[in-house]
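Down below is the structure, laid out as structure tokens.
Number of protein chains: 4
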Amino acid sequence: MTKVLIVYATDYQNTFKMAEALAGGVRSVADCQASVKAADAATFDDLVAADAIVLGSPVHMGSIDWRVKKFIDSCCSAAWMKDALVGKVGAVFATGSGFGNAGGGCELTMLALLNNLAELGLIIIPLPKSTPGYTTGGLQWGPYGRSANPKLEPVGVNEDMLSVARHHGIHIARAAKALQGARIFG
Amino acid sequence: MTKVLIVYATDYQNTFKMAEALAGGVRSVADCQASVKAADAATFDDLVAADAIVLGSPVHMGSIDWRVKKFIDSCCSAAWMKDALVGKVGAVFATGSGFGNAGGGCELTMLALLNNLAELGLIIIPLPKSTPGYTTGGLQWGPYGRSANPKLEPVGVNEDMLSVARHHGIHIARAAKALQGARIFG
Amino acid sequence: MTKVLIVYATDYQNTFKMAEALAGGVRSVADCQASVKAADAATFDDLVAADAIVLGSPVHMGSIDWRVKKFIDSCCSAAWMKDALVGKVGAVFATGSGFGNAGGGCELTMLALLNNLAELGLIIIPLPKSTPGYTTGGLQWGPYGRSANPKLEPVGVNEDMLSVARHHGIHIARAAKALQGARIFG
Amino acid sequence: MTKVLIVYATDYQNTFKMAEALAGGVRSVADCQASVKAADAATFDDLVAADAIVLGSPVHMGSIDWRVKKFIDSCCSAAWMKDALVGKVGAVFATGSGFGNAGGGCELTMLALLNNLAELGLIIIPLPKSTPGYTTGGLQWGPYGRSANPKLEPVGVNEDMLSVARHHGIHIARAAKALQGARIFG
Numbered sequence: 000m001t002k003v004l005i006v007y008a009t010d011y012q013n014t015f016k017m018a019e020a021l022a023g024g025v026r027s028v029a030d031c032q033a034s035v036k037a038a039d040a041a042t043f044d045d046l047v048a049a050d051a052i053v054l055g056s057p058v059h060m061g062s063i064d065w066r067v068k069k070f071i072d073s074c075c076s077a078a079w080m081k082d083a084l085v086g087k088v089g090a091v092f093a094t095g096s097g098f099g100n101a102g103g104g105c106e107l108t109m110l111a112l113l114n115n116l117a118e119l120g121l122i123i124i125p126l127p128k129s130t131p132g133y134t135t136g137g138l139q140w141g142p143y144g145r146s147a148n149p150k151l152e153p154v155g156v157n158e159d160m161l162s163v164a165r166h167h168g169i170h171i172a173r174a175a176k177a178l179q180g181a182r183i184f185g
Numbered sequence: 000m001t002k003v004l005i006v007y008a009t010d011y012q013n014t015f016k017m018a019e020a021l022a023g024g025v026r027s028v029a030d031c032q033a034s035v036k037a038a039d040a041a042t043f044d045d046l047v048a049a050d051a052i053v054l055g056s057p058v059h060m061g062s063i064d065w066r067v068k069k070f071i072d073s074c075c076s077a078a079w080m081k082d083a084l085v086g087k088v089g090a091v092f093a094t095g096s097g098f099g100n101a102g103g104g105c106e107l108t109m110l111a112l113l114n115n116l117a118e119l120g121l122i123i124i125p126l127p128k129s130t131p132g133y134t135t136g137g138l139q140w141g142p143y144g145r146s147a148n149p150k151l152e153p154v155g156v157n158e159d160m161l162s163v164a165r166h167h168g169i170h171i172a173r174a175a176k177a178l179q180g181a182r183i184f185g
Numbered sequence: 000m001t002k003v004l005i006v007y008a009t010d011y012q013n014t015f016k017m018a019e020a021l022a023g024g025v026r027s028v029a030d031c032q033a034s035v036k037a038a039d040a041a042t043f044d045d046l047v048a049a050d051a052i053v054l055g056s057p058v059h060m061g062s063i064d065w066r067v068k069k070f071i072d073s074c075c076s077a078a079w080m081k082d083a084l085v086g087k088v089g090a091v092f093a094t095g096s097g098f099g100n101a102g103g104g105c106e107l108t109m110l111a112l113l114n115n116l117a118e119l120g121l122i123i124i125p126l127p128k129s130t131p132g133y134t135t136g137g138l139q140w141g142p143y144g145r146s147a148n149p150k151l152e153p154v155g156v157n158e159d160m161l162s163v164a165r166h167h168g169i170h171i172a173r174a175a176k177a178l179q180g181a182r183i184f185g
Numbered sequence: 000m001t002k003v004l005i006v007y008a009t010d011y012q013n014t015f016k017m018a019e020a021l022a023g024g025v026r027s028v029a030d031c032q033a034s035v036k037a038a039d040a041a042t043f044d045d046l047v048a049a050d051a052i053v054l055g056s057p058v059h060m061g062s063i064d065w066r067v068k069k070f071i072d073s074c075c076s077a078a079w080m081k082d083a084l085v086g087k088v089g090a091v092f093a094t095g096s097g098f099g100n101a102g103g104g105c106e107l108t109m110l111a112l113l114n115n116l117a118e119l120g121l122i123i124i125p126l127p128k129s130t131p132g133y134t135t136g137g138l139q140w141g142p143y144g145r146s147a148n149p150k151l152e153p154v155g156v157n158e159d160m161l162s163v164a165r166h167h168g169i170h171i172a173r174a175a176k177a178l179q180g181a182r183i184f185g
């Protein structure tokens, strides 16, 4: 069995919906299971038990939600000290209001999440532009659910965005399966 | 007289139009003049003569157009070695297809341009979300002209985007005037 | 009087020492005062009262300490909604173990802090390479105090690093004075 | 046979030495071959023929050497339009003077290279801190060869840096082998 851990924080359920859609994609792949945990509930042991780790966060002022960051500062930092997660698979996603029509800071936010995964030695799964739903729900680093319209009204994530998340989950699960047991590092 | 130099590269005239709109904003401020130069025509002396330096680039694969980069590698590198531009004012803008509806890599592209300006010791003018046109033409780091629709068809930059560029020019000119003669560094 | 607010978090007093050094630089400029506040004590009103805002953070897994991020998510987000800080001056600094001798993730960490400042509409003060102490204590985005040696032993920040922080404080104070009363935006 | 393509530009042979060291690592893995090509000689067909693509660049003003960027703008952009490289393996490395002791802009430079690889849909190999030589030659995103001392004198890349590059090559080759034939995307 290949295990994918998805850690998220959510303000208005949009990031949670993206996390669930991604988990659905994971579960559609044979012999793969997904565990969705809020950042304040996920543990160091959850990280160690997983074959792939996915982090999702709302974009707040162009960087990670502080609850996700608190999880990183405590659990992921500890794993970094011990080289405990090297060689697992990693990926990210984000949500946000997207005010300005240019991503609203989602690129640096995803890169902040990815910086953590790279430091842990995780193999990173990007989001190819050929992914279904990419037209309105994606960046090369992962799915992005824009949850507000141009007037900053909270319209929520749409089907395209959830579709991108679902397919990202499929990709992550497949990569984790393909790399399971392979010795890449060390 | 306060002088603003705008250096750009363009593929389909969109970045050029943004450069011209920005120059128009500069020229609307009393005692300010703007010079718009293509990256392969701008020189080290142009940099030294300016009070403010603005770089604009199409987004290609999430980073700067190579022609702008060639200008940076030759002229700006030389200025860095000599600390020749420390204390001037700097700003950026970009254009791109924006495929995916999440900025299409414009954030890292603007940061690559800004990394150059920061290394040169320039004081950076951001783009406040209250700028007219920001709704569909901006990121915190500068104006972004999305020139393609969701189907990747080249529809060109719109009035909102040009408006953001124009106001960015006004802000840059005012800042360069306010800081002219001030000794900030050294 | 020109007021500079410095908000920080600290684990082993290194970021605090850098904050104090930076405050010392501010206070050496005529008619300038500095206020140093821990991230969990700083308030929205502190932000509004300041002419310049400086954020300092330890680097944890290549991004901001969660306590600084919590301050940003609460106080700075609120200021963004209201456009309450547009046109003030902003700057950043960081500390970290620097393992690997290539910055240890400090560049993305400073950019995460700066993304917040840019969204707030702050004019960014970079760190020119001509700043005293830069040789071992700086990046173009701000002072960096490397507090561990290559073996990850905690040796603390050195005089060069504190010198860079002090001069950054001088630059920030001068810029805030020069721009005080100037109308740049809107 | 698993094929790794390494594309680079070099000013003083340091990036070339890192490329050769990385290629040596690739070749030490059974059934793997490495091809080292200068950016102005590499072609679209080289990209398509490779199982893994590695980009290496000197850091110039915090971003990619213009020659590498020209290769990206022409060959990689074309591949992006056609989704021609999705699912291959990707990785990066950089060299630079590192003035300031905080990476000298190498993090944003590697991220600019990686932005291109992520847009192409490549699975990214990071650099775990447990890699031999990491102490003085690495960042989470890849090997970094600091080629100047604190006085900006050109001392060249050292054995630690070449060791990191060699091991990065081993990791990349193993990952490309493990993923060969696997269908991850689409």
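Sequences listed follow chains A, B, C and D, in order.
Just so we're aligned, residue 0 is where the first sequence starts under numbering that gives the first Met the number 0, counting upward by one.
Just so we're aligned, residue 0 is where the second sequence starts under numbering that gives the first Met the number 0, counting upward by one.
Just so we're aligned, residue 0 is where the third sequence starts under numbering that gives the first Met the number 0, counting upward by one.
Just so we're aligned, residue 0 is where the fourth sequence starts under numbering that gives the first Met the number 0, counting upward by one.
Where a beta carbon is used, it is the ideal one built from N, C-alpha and C, also for glycine.
Bear in mind the structure is a predicted one, so any value in this text is a computation, not a measurement.
For A/GLU118 and chain C, any beta-carbon pair shorter than 9 Å? Residue numbering aside, residue 118 of chain A sits at position 119 when the first sequence is read from its first letter. Yes, A/GLU118 counts as interfacial toward chain C.
Are the beta-carbon atoms of A/GLY104 and C/ASN114 separated by less than 9 Å? One-based indexing of the first sequence puts residue 104 of chain A at position 105. One-based indexing of the third sequence puts residue 114 of chain C at position 115. Yes.
Under 8 Å (Cβ pairs) to chain B, residues found in the stretch 132 to 159 of chain A: TYR133, THR134, THR135, GLY136, GLY137, LEU138, GLN139, TYR143, ARG145, PRO149 and LYS150
Please state whether DSSP places A/LYS2 in a helix, a strand or coil. In the first sequence, the residue the question calls residue 2 of chain A occupies position 3. Looking at A/LYS2 - three-state DSSP - the assignment turns out to be strand.
Quick one: is B/TRP79 near chain C, going by C-beta distance under 9 Å? Translated into positions along the second sequence, residue 79 of chain B becomes position 80. At least one chain C Cβ lies under 9 Å of B/TRP79.
Chain-ordered neighbours of B/LYS128 on chain A, where CB pairs are closer than 8 Å: As a first step, residue 128 of chain B is located in the second sequence; it is residue number 129 there, counting from the start. Those within 8 Å of B/LYS128 in chain A are PHE98 and GLY99.
If the criterion is Cβ atoms closer than 9 Å, does the pair D/VAL6 and D/ALA33 meet it? Reading the fourth sequence from its first residue, position 7 is the one you call residue 6 of chain D. Reading the fourth sequence from its first residue, position 34 is the one you call residue 33 of chain D. Not a contact, by the Cβ cut-off of 9 Å.
Quick test of your reading: B/THR14 and B/SER56, contact by CB under 8 Å. State the CB separation rounded to the nearest angstrom. Against the second sequence, residue 14 of chain B aligns to sequence position 15. Against the second sequence, residue 56 of chain B aligns to sequence position 57. Going by Cβ atoms, the distance from B/THR14 to B/SER56 rounds to 7 Å, so yes, they are a contact pair.
Helix, strand or coil at D/ARG66 [DSSP, three-state]: The count along the fourth sequence starts at 1 and reaches residue 66 of chain D at position 67. It is helical.
In this structure, what does DSSP give as the bridge partners for A/CYS31? Against the first sequence, residue 31 of chain A aligns to sequence position 32. Residue pairing by DSSP places A/CYS31 opposite A/THR1 in a beta bridge.
Buried/exposed call for B/VAL163, threshold 16 Cβ in 10 Å: If you number the second sequence from 1, residue 163 of chain B lands on position 164. B/VAL163 should be labelled buried.
Short Cβ contact (9 Å threshold) for A/LEU116 with B/LEU107: For the purposes of this step, residue 116 of chain A is taken as the residue at position 117 of the first sequence. For the purposes of this step, residue 107 of chain B is taken as the residue at position 108 of the second sequence. Their beta carbons are not under 9 Å apart, which means A/LEU116 does not touch B/LEU107 by this criterion.
Nearest to C/THR1 by CA position, among C/SER27, C/ASP10 and C/GLU19, is which residue? Locating residue 1 of chain C in the third sequence gives position 2, counting from the first residue. Out of C/SER27, C/ASP10 and C/GLU19, C/SER27 has the C-alpha closest to the C-alpha of C/THR1.
Give me the Cα-Cα distance between B/PHE43 and B/SER96, rounded to the nearest whole angstrom. On the second sequence, position 44 is the one that residue 43 of chain B refers to. On the second sequence, position 97 is the one that residue 96 of chain B refers to. Rounded to whole angstroms, B/PHE43 to B/SER96 spans 31 Å at the Cα level.
I'd like to know whether the C-beta atoms of D/ALA93 and D/VAL58 end up nearer to each other than 9 Å. Sequence index remark: in the fourth sequence, residue 93 of chain D carries index 94 (1-based). Sequence index remark: in the fourth sequence, residue 58 of chain D carries index 59 (1-based). Contact flag set, yes.
Residues sharing a beta bridge with B/LYS36, DSSP: Within the second sequence, the letter at position 37 stands for residue 36 of chain B. B/LYS36 is bridged to B/VAL6.
With DSSP as the reference, identify every bridge partner of D/HIS59, one or two as the case may be. For the purposes of this step, residue 59 of chain D is taken as the residue at position 60 of the fourth sequence. D/HIS59 is bridged to D/SER62.
Every unbroken beta strand (DSSP E) within the stretch 130 to 173 of chain D, with a cutoff of 3 residues, ordered by chain: 141 to 145
If contact is defined by three or more beta carbon pairs under 8 Å, each pair taking one atom from either stretch, is the stretch 118 to 133 of chain A in contact with the stretch 145 to 162 of chain A? yes
Using Cβ-Cβ distances below 7 Å, what residues of the stretch 33 to 48 of chain A are close to chain C? none
Return the chain-ordered list of same chain residues with a C-beta closer than 7 Å to the C-beta of B/SER121, the five sequence neighbours on each side being excluded. Start at 1 with the first residue of the second sequence, and residue 121 of chain B comes out as number 122. Here the sequence assigns Leu to residue 121 of chain B, which means Ser is not the residue at that position. Result list for B/LEU121: ILE52, LEU84, LYS87, VAL88 and GLY89, in chain order.
Neighbour-count burial assignment, D/GLN139, 16 or more Cβ in a 10 Å radius: Here residue 139 of chain D refers to the residue found at position 140 when the fourth sequence is read from its first residue. It is buried - the Cβ of D/GLN139 has at least 16 other Cβ atoms within 10 Å.
How would you call D/LEU151, buried or exposed, if buried means at least 16 neighbouring beta carbons within 10 angstroms? Along the fourth sequence, read from residue 1 onward, the residue named residue 151 of chain D stands at position 152. The residue is exposed, with fewer than 16 neighbouring Cβ atoms inside 10 Å.
Compute the Euclidean distance between the alpha carbons of B/LEU91 and B/ILE123, then round it to the nearest angstrom. Locating residue 91 of chain B in the second sequence gives position 92, where the first residue counts as 1. Locating residue 123 of chain B in the second sequence gives position 124, where the first residue counts as 1. Correcting the residue identity first, residue 91 of chain B is Val in this sequence and not Leu. Spanning the two alpha carbons is a distance of roughly 9 Å.
Comparing the C-beta of A/ASN115 with each C-beta of chain C, is any distance below 9 Å? Position 116 of the first sequence, counting from 1, holds the residue named residue 115 of chain A. Cβ-Cβ to chain C under 9 Å: yes for A/ASN115.
In chain order, what residues of the same chain have a beta carbon less than 6 Å from the beta carbon of D/ALA18, not counting five sequence neighbours either side? Here residue 18 of chain D corresponds to residue number 19 of the fourth sequence, with the count starting at 1. The answer, listed in chain order, is ILE5, TYR7, VAL35 and GLY55.
Let me check understanding here. Comparing Cα to Cα, which of C/LYS128, C/ALA77 and C/ARG182 lies closest to B/ALA170? Start at 1 with the first residue of the second sequence, and residue 170 of chain B comes out as number 171. Correcting the residue identity first, residue 170 of chain B is His in this sequence and not Ala. Comparing Cα positions, the closest option is C/ARG182.
Please list, in chain order, all residues of the same chain as D/VAL25 whose beta carbon is under 6 Å from its beta carbon, the five residues on each side excluded. To locate residue 25 of chain D, count along the fourth sequence from 1; it is residue 26. Excluding positions up to five away in sequence, the list reads VAL3, CYS31, ALA33, GLY168 and ALA172.
Please confirm if A/SER76 has its CB atom under 9 Å from at least one CB of chain C. In the first sequence, residue 76 of chain A corresponds to position 77, counting from 1. So, interface residue.
Where does C/THR42 sit, in a helix, a strand or coil, going by DSSP? In the third sequence, residue 42 of chain C corresponds to position 43, counting from 1. Coil.
Against chain C, with Cβ distances strictly below 9 Å, would B/VAL25 count as a contact? Walking along the second sequence from the start, residue 25 of chain B turns up at place 26. No, B/VAL25 does not count as interfacial toward chain C.
With respect to the alpha helix (DSSP H) encompassing C/ALA22, which residues constitute its N-terminal and C-terminal limits? Taking the third sequence and counting its residues from 1, one reaches residue 22 of chain C at position 23. Looking at the DSSP string, the run of the alpha helix (DSSP H) that includes C/ALA22 is 13 to 26.
Within 9 Å (strictly less), CB to CB, does D/ASP64 reach chain A? Position 65 of the fourth sequence, counting from 1, holds the residue named residue 64 of chain D. Closer than 9 Å: no.
Is there a Cβ of chain B sitting closer than 9 Å to that of C/ARG173, yes or no? The residue given as residue 173 of chain C occupies position 174 in the third sequence. Interface residue, yes.
Going by Cα to Cα distance, which pick from C/LYS81, C/GLY137, C/LEU119 and C/ASP64 is closest to C/HIS166? As a first step, residue 166 of chain C is located in the third sequence; it is residue number 167 there, counting from the start. The option with the nearest alpha carbon to C/HIS166 is C/GLY137.
Assigned secondary structure, A/ILE71 (DSSP; H/G/I helix, E/B strand, else coil): If you number the first sequence from 1, residue 71 of chain A lands on position 72. Helix.
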